Amino acid sequence: MNIAIILSAGTGSRFQGDIPKQYVEVEGKPILVYTAAPFQDCPEIDHILVVAAEEWKEKILGWKVRFGLTKLRAVAPGGADRQESILNGLLAARDLSQSETDGAVIQDAARPLTSGKLIKRLLEGLSAAPCVLPAIPPADTVYASPDGQWVEGVLERSSLYAGQAPEAFNYRKYLELYQSTPPEIRSSLSGSCQLPFRAGWKVKIIPGEADNIKITYPMDLKLFQLILRERKAQHESLCTPRCGRPAL
Numbered sequence: 012m013n014i015a016i017i018l019s020a021g022t023g024s025r026f027q028g029d030i031p032k033q034y035v036e037v038e039g040k041p042i043l044v045y046t047a048a049p050f051q052d053c054p055e056i057d058h059i060l061v062v063a064a065e066e067w068k069e070k071i072l073g074w075k076v077r078f079g080l081t082k083l084r085a086v087a088p089g090g091a092d093r094q095e096s097i098l099n100g101l102l103a104a105r106d107l108s109q110s111e112t113d114g115a116v117i118q119d120a121a122r123p124l125t126s127g128k129l130i131k132r133l134l135e136g137l138s139a140a141p142c143v144l145p146a147i148p149p150a151d152t153v154y155a156s157p158d159g160q161w162v163e164g165v166l167e168r169s170s171l172y173a174g175q176a177p178e179a180f181n182y183r184k185y186l187e188l189y190q191s192t193p194p195e196i197r198s199s200l201s202g203s204c205q206l207p208f209r210a211g212w213k214v215k216i217i218p219g220e221a222d223n224i225k226i227t228y229p230m231d232l233k234l235f236q237l238i239l240r241e242r243k244a245q246h247e248s249l250c251t252p253r254c255g256r257p258a259l
C-alpha cells in the first residue's frame with residue numbers, strides 16, 4: 012500500500028501573491044488540485060493526505076468533492092517548517108498503514124506537472140532502496156563560491172544532480188526516523204531526503220522530468236500556464252478528425 016502526502020502548509024513568500032501559490036486558480040482549478048490529480052489517477056497510490064494550515068482545511072475538503080479527489084482521506088495540520096509538516100503528515104497516515112513494506116510519497120503542493128509515470132517509477136525504486144529521489148543533471152556550469160562574490164572552483168557537472176519532488180520512502184522506517192530525531196536537528200534540514208541521507212540510508216536516484224517544475228516565482232506560474240495550453244492544444248489536435256473523415 013502507498014500513501015501520498017502533499018505538503019501544502021507553505022505561505023509562498025517568494026511568490027508574493029495575495030494567497031499561497033498552491034491555492035491560486037488556473038483555468039478554474041487550484042494548483043493544489045493539479046498536483047493531487049496524478050496521485051488520484053495512479054493505481055499504485057491508495058491514499059492521499061494533504062498537510063495544510065487550518066484556515067485552508069474546509070476549502071481543501073470542498074475541492075475534494077468538487078474535483079473528485081476520492082483518495083483524499085484527511086487534511087493534517089501544517090507545522091512550523093517543512094520538516095514538522097512532514098512529521099505531521101506521517102503521523103496522520105498511521106491508521107492507514109497496513110504492512111512493513113508500505114510506501115510514502117512526499118510531494119510539494121506547488122508541483123502541478125508531476126506525471127503518473129514518474130510516481131510509478133519512484134514506487135518501483137522502493138524495491139531496491141528505502142529512499143528514492145528523482146533528479147536531473149544541471150543544465151549550466153556550477154561554480155563554488157563560499158562568499159557569493161568570488162569563484163573558488165568549478166564543480167564537475169557530470170556528477171551533479173538537481174533533486175526534485177516527489178520522493179518515495181519506506182513509510183514505517185521513515186516515520187520512525189522522524190519521530191526519533193530531535194526537533195532541533197530536523198529543523199536544520201530542508202529537503203525530504205536529507206534526514207535519511209544523514210542517518211546513513213541508501214538514497215537511490217532515478218531520472219526526473221524537465222516539465223516537473225515547482226512554482227516558486229510568478230514566472231514559474233506563467234510557464235505552467237504555457238505548458239498547460241500546449242498540452243491542451245496537442246490533445247485537441249489528436250482528437251480532431253482529419254481529411255473530413257468522421258472520428259472513430
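Everything in the sequence shown is counted per my numbering, starting at 12 for the first residue and increasing by one. Using N, Cα and C, we set each Cβ at its ideal position, and we do this for glycine too. Here the structure is a predicted model, which is why all the values come from computation and not from measurement.
Residue of the options minimising C-alpha distance to residue i
i	options	result
Y228	V35, Y182, L133 and T152	V35
A103	S199, R132, A63 and A87	A87
D52	L98, G127 and I42	G127
D231	I16, I17 and V37	V37
S191	R105, I71 and L98	L98
Same chain, Cβ closer than 8 angstroms to residue i, five either side skipped, listed in chain order
i	result
G114	M12, N13, I14, L134, L137, A179, F180, N181 and Y182
V44	W74, F78 and L80
D57	M12, N13, I14, K82 and L107
L200	Q94, L206 and R209
C204	C142, L144, G174, E178 and V214
Opposing strand residues paired with residue i [DSSP bridges]
i	result
A115	I14 and F180
Y189	Partner(s): none; Y189 has no beta bridge.
A146	G174 and P218
A155	G164
Own chain residues within Cβ distance below 6 angstroms of residue i, not counting five before or after
i	result
R197	Q94
S96	L18, A20, V62, G89 and G90
Cβ pair residue i, residue j closer than 8 angstroms
i	j	result
P145	L166	no
S19	A85	no
L60	Y185	no
A47	D119	no
I224	I42	no
P149	R122	no
P218	T125	no
Any non-hydrogen atom of the ligand HEM closer than 7 angstroms to residue i Cβ
i	result
V76	Absence of the ligand HEM is noted for the structure shown, with no ligands found whatsoever.
Chain-order list of residues whose beta-carbon lies under 7 angstroms from that of residue i (same chain, five-residue window excluded)
i	result
G39	none
*Can you list the beta strand (DSSP E) stretches of 3 or more residues lying completely in the stretch 205-230, in chain order?*
214-218
*List in chain order: all unbroken alpha helix (DSSP H) runs of 4+ residues lying wholly within the stretch 17-60.*
42-52
*Which runs of the alpha helix (DSSP H), 4 residues or longer, sit entirely within the stretch 62-130?*
68-77 and 93-103
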